[in-house]
Amino acid sequence: MESARCWFSKFRSKDKARPSKKKEVSSNGKEGIKAPSSEELPSNVTKQRVAAAKQYIENHYKKQMKDLQERRERRDMLEKKLADAEVTEEEQSNLIKYLEKKETEFMRLQRHKMGADDFEPLTMIGKGAFGEVRICKEKSTGHVYAMKKLKKSEMLRRGQEQLQHWQRNRRMLAYSTVGTPDYIAPEVLLKKGYGMECDWWSLGAIMYEMLVGYPPFYSDEPMSTCRKIVNWKTHLKFPEEARLSPDAKDLICRLLCNVELRLGTKGAHEIKAHPWFKGVEWEKLYQMKAAFIPEVNDELDTQNFEKFDEDDSQMQTPNKSGPWRKMLSSKDINFVGYTYKNFEIVNDHQLPGIGNILSCSCVNI
135 MESARCWFSK FRSKDKARPS KKKEVSSNGK EGIKAPSSEE LPSNVTKQRV
185 AAAKQYIENH YKKQMKDLQE RRERRDMLEK KLADAEVTEE EQSNLIKYLE
235 KKETEFMRLQ RHKMGADDFE PLTMIGKGAF GEVRICKEKS TGHVYAMKKL
285 KKSEMLRRGQ EQLQHWQRNR RMLAYSTVGT PDYIAPEVLL KKGYGMECDW
335 WSLGAIMYEM LVGYPPFYSD EPMSTCRKIV NWKTHLKFPE EARLSPDAKD
385 LICRLLCNVE LRLGTKGAHE IKAHPWFKGV EWEKLYQMKA AFIPEVNDEL
435 DTQNFEKFDE DDSQMQTPNK SGPWRKMLSS KDINFVGYTY KNFEIVNDHQ
485 LPGIGNILSC SCVNI
């Protein structure tokens, strides 16, 4: 009896050591595959990479189909315009070949991996929480652009902080996420639900700043600004030294007020009809000479932009692009599909549109 027990215990220990091939029986009596253990499940990083790969592949083929459709539309549009014009068959053939050549150049340009190293950074014309805007010159062509460089790590970090802040204190979110709240309407801050009327409040705040020199509810602390906006009846005041006309004060007061009384709720015509705009010919606005025309000496002239302190660390940051760039990281997953290139945007320099193509043969359509 003891020997049988000893043999049975050895048999059970071997059976436990052997990988289990048992099948689970479901409630309806059918056999099914045993659910994987927690150790066999993919990690969150793997799931993120799978989702990013799926999104990348879907975007890739969607973009291919969209690009093909756009090429066909450009070809059809050109053929239609040529058919309506008095153009010889030889000229039609030459223009179509020219378009095909430019389409090929555009497809080659789309495959080009462009990075910050392809540009010569010049003057900084803008700076924000996530990056900077700088005038730059493309090294290969010499064309001048405005380049916005964003720090992905900073965007993700701040997004994470805001999420945690939301979870800790929802009430404070209205004060912490607005950034510059000088022009935000009180109904937005109080989360009462709002519509387009809040834009007319912003117009009143901007008008006040342009006439007085500073925002109507300015404070060094954003939270204090928000409190002033919510209690606007107490804090909306006009300094005597600004010398605002009665009509200007009236228009500002009718914009910075309760939403149900705010000018513009029935349409922009209410604001246009205000006495402060008397004499303005709205229909001829684009034909009128501007009150102030900025002086621009050349394409690199930045005298009309705000001056910013240069940060050498940002200027010398290496840009990792090309074949030596590391594979998709967890940070990059949040930015899959952000690349955008447009046929018409590079039109002026390399890829003439239909109008330019036709002008090459002096065809007037």
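FYI, in our numbering the residues of the sequence shown are 135 to 499.
Built from N, CA and C at the ideal position, the CB exists for glycine as well.
Every value quoted in this text rests on a predicted model; they were computed, and no experiment measured them.
DSSP three-state label for residue i, please.
| i | result |
| --- | --- |
| Ile259 | strand |
| Arg396 | coil |
| Cys270 | strand |
| Phe253 | strand |
| Val179 | helix |
| Lys155 | Reliability fails at Lys155, whose pLDDT of 46 lies under 50, so the model's placement of it is uncertain and no value is given. |
| Val322 | helix |
| Val278 | strand |
| Asn228 | helix |
| Phe125 | Missing from the structure shown is residue 125; the chain here goes from 135 to 499 and no further. |
| Thr238 | helix |
| Glu331 | helix |
| Glu429 | coil |
| Ala424 | coil |
| Phe403 | Going by the sequence as given, residue 403 is His instead of Phe. The answer is helix: DSSP assigns His403 an H, G or I state. |
| Asn365 | coil |
| His561 | Nothing can be reported for residue 561, as the shown portion of the chain is limited to 135 through 499. |
| Asp316 | helix |
| Glu204 | helix |
| Ala219 | coil |
| Tyr342 | helix |
| Ser353 | coil |
| Asp443 | coil |
| Tyr348 | coil |
| Cys387 | helix |
| Asp435 | coil |
| Leu370 | coil |
| Glu192 | helix |
| Arg209 | helix |
| Arg459 | Residue placement at Arg459 is poorly supported in this model, since its pLDDT is 45, which falls under 50; the coordinates still yield a value, given next. Note: Arg459 maps to coil in three-state DSSP. |
| Leu378 | coil |
| Glu174 | coil |
So what does residue i bridge to, in DSSP terms?
| i | result |
| --- | --- |
| Leu284 | Gly265 |
With 16 as the cutoff for other CB atoms within 10 Å, does residue i come out buried or exposed?
| i | result |
| --- | --- |
| Val414 | exposed |
| Ile269 | buried |
| Phe253 | buried |
| Phe351 | buried |
| Tyr317 | buried |
| Arg206 | exposed |
| Pro315 | buried |
| Glu266 | buried |
| Tyr420 | exposed |
| Pro320 | buried |
| Gly338 | buried |
| Ala407 | exposed |
| Arg245 | exposed |
| Gly398 | buried |
| Tyr342 | buried |
| Ala186 | buried |
| Ala402 | exposed |
| Ala382 | buried |
| Leu324 | exposed |
| Leu395 | exposed |
| Leu385 | buried |
* Would you call the stretch 328-340 and the stretch 263-283 touching, i.e. three or more CB-CB distances under 8 Å? -> no
* **Validate contact between the stretch 255-262 and the stretch 236-247 using beta carbons, cut 8 Å, 3 pairs** => no
* Asked: Are there three or more Cβ pairs, one per stretch, closer than 8 Å when the stretch 375-393 is compared with the stretch 342-362?
  -> Yes, they touch.
* contact_flag[the stretch 355-366, the stretch 409-429] where n(CB pairs < 8 Å) is 3 or more -> no
* Asked: Given 8 Å as the limit, is there contact between the stretch 387-400 and the stretch 331-340, that is, 3 or more CB pairs closer than that?
  -> Per the Cβ contact rule, the stretch 387-400 is in contact with the stretch 331-340 (3 or more Cβ pairs under 8 Å).
* Specify whether the stretch 225-237 and the stretch 199-213 touch according to this definition: at least 3 beta carbon pairs, one from each stretch, less than 8 Å apart. => yes
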